[in-house]
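In UniProt numbering, the protein residues as written are 1 to 319. A virtual CB, placed ideally from N, CA and C, is assigned to each residue, including glycine. Following: one structure in structure tokens, then a few remarks.
Below you can see the structure in the form of structure tokens.
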């Protein structure tokens, strides 16, 4: 049992939006109100926490995450918030130093708008990573940057055709710059070593702790299905990671799972067999599809040409 006292508690009740105290038992809120109104819940073993006026909010719900991949990203090159080319290169250089020759360097979260809009190229990376293939995803997940070694391993050169639903960004001489958009990313994904099941399980726990530390108690996980990736990874994560975590009592936050649109018959069968709620922790939401790319990666599909970028039309999506 616990009582939070001397607090500013947001109740979401328009008639009484704030309260000063709250009683909790077994993870459930019993009552919010004045401190005196909670005395009946106070026993000899009740833990009382004086919050000194600090704010208490209901748990946040994040409606669009890639939870397991997000957990993996926390252990990779952090490029979110980078605001200059020099800082971008410096962070990658530091990561390369910690790798053995031949090991992949992965990271992401970069946003070229933060440093004036210049798009990074393989030339930014090649001098600092001659012996390591590099793959760095943009913050929206619809574009990524490969260094020249990664492109060589993937067999990408001036003669490589753009895959359906994707673009290999090129120079005027048709040489690949290192940027791959949407379905073109699969050319690199296909040669990156698979992440082990144990690492993906640990990534779920890492991401869950990260979310809880920021007050997020429920997420809608749209899975690992992004342009260029396998439809099966999300299903493997469901069986190998989520069901494992639930069976082992390791779930920390509530998740609502979405699966790739092309696999909707399997989703329908699963819901009919097991229901929408597999437990208090895991719920089945629906499917995710793609119709085009993203604004940030200049691959969103427009009715009219915007500058020279009119985007990519695919047979799937919404994101």
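CA-to-CA distance, residue 244 to residue 183, given in whole angstroms | Counting from one through the chain shown, the residue named residue 183 turns up at place 183. Counting from one through the chain shown, the residue named residue 244 turns up at place 244. Using only the alpha carbons, I get a separation of about 31 Å.
Where does the unbroken beta strand (DSSP E) through residue 8 begin, and where does it stop?
-> The count along the chain shown starts at 1 and reaches residue 8 at position 8. Looking at the DSSP string, the run of the beta strand (DSSP E) that includes residue 8 is 8-10.
Through-space distance from residue 81 to residue 115, alpha-carbon basis | The residue given as residue 115 occupies position 115 in the chain shown. The residue given as residue 81 occupies position 81 in the chain shown. Spanning the two alpha carbons is a distance of roughly 10 Å.
Find out if the Cβ-Cβ distance for the pair residue 2, residue 32 is shorter than 9 Å.
-> Taking the chain shown and counting its residues from 1, one reaches residue 2 at position 2. Taking the chain shown and counting its residues from 1, one reaches residue 32 at position 32. No, they are not a contact pair.
Cα-Cα separation between residue 241 and residue 40, rounded to whole angstroms = If you number the chain shown from 1, residue 241 lands on position 241. If you number the chain shown from 1, residue 40 lands on position 40. Spanning the two alpha carbons is a distance of roughly 42 Å.
Kindly indicate which residue of 282, 99, 42 has the alpha-carbon position closest to the one of residue 249.
-> Counting from 1 along the chain shown, the entry for residue 249 is found at position 249. That would be 282, whose Cα lies nearest to the Cα of residue 249.
Simplified DSSP state of residue 290, which is helix, strand or coil = Taking the chain shown and counting its residues from 1, one reaches residue 290 at position 290. Coil.
Regarding residue 57 and the ligand FMN, is the C-beta to nearest heavy atom distance less than 8 Å?
-> The ligand FMN is absent from the structure shown, which contains no ligands of any kind.
Per DSSP, cross-strand counterpart(s) of residue 107 | Counted from its first residue, the chain shown places residue 107 at position 107. Partner(s): 77, 136.
Which residue comes first and which comes last in the beta strand (DSSP E) that contains residue 216?
-> The count along the chain shown starts at 1 and reaches residue 216 at position 216. Run containing residue 216: 216-221, per the beta strand (DSSP E) assignment.
Chain-order list of residues whose beta-carbon lies under 8 Å from that of residue 52 (same chain, five-residue window excluded) | Translated into positions along the chain shown, residue 52 becomes position 52. If we look at residue 52 and ignore the five residues flanking it on each side, its Cβ neighbours are 6.
Could you have a look at residue 320 and say whether DSSP puts it in helix, strand or coil?
-> Residue numbering for the chain in the displayed model covers 1 to 319; residue 320 lies beyond these limits and cannot be assessed.
C-alpha distance - residue 140 paired with residue 263, whole-angstrom precision | One-based indexing of the chain shown puts residue 140 at position 140. One-based indexing of the chain shown puts residue 263 at position 263. Each residue's alpha carbon lies about 23 Å from the other.
Rounded Cβ spacing between residue 154 and residue 191 (contact assumed at less than 8 Å) = Here residue 154 is taken as the residue at index 154 of the chain shown, counted from 1. Here residue 191 is taken as the residue at index 191 of the chain shown, counted from 1. Rounded, the Cβ-Cβ distance is 5 Å, consistent with contact.
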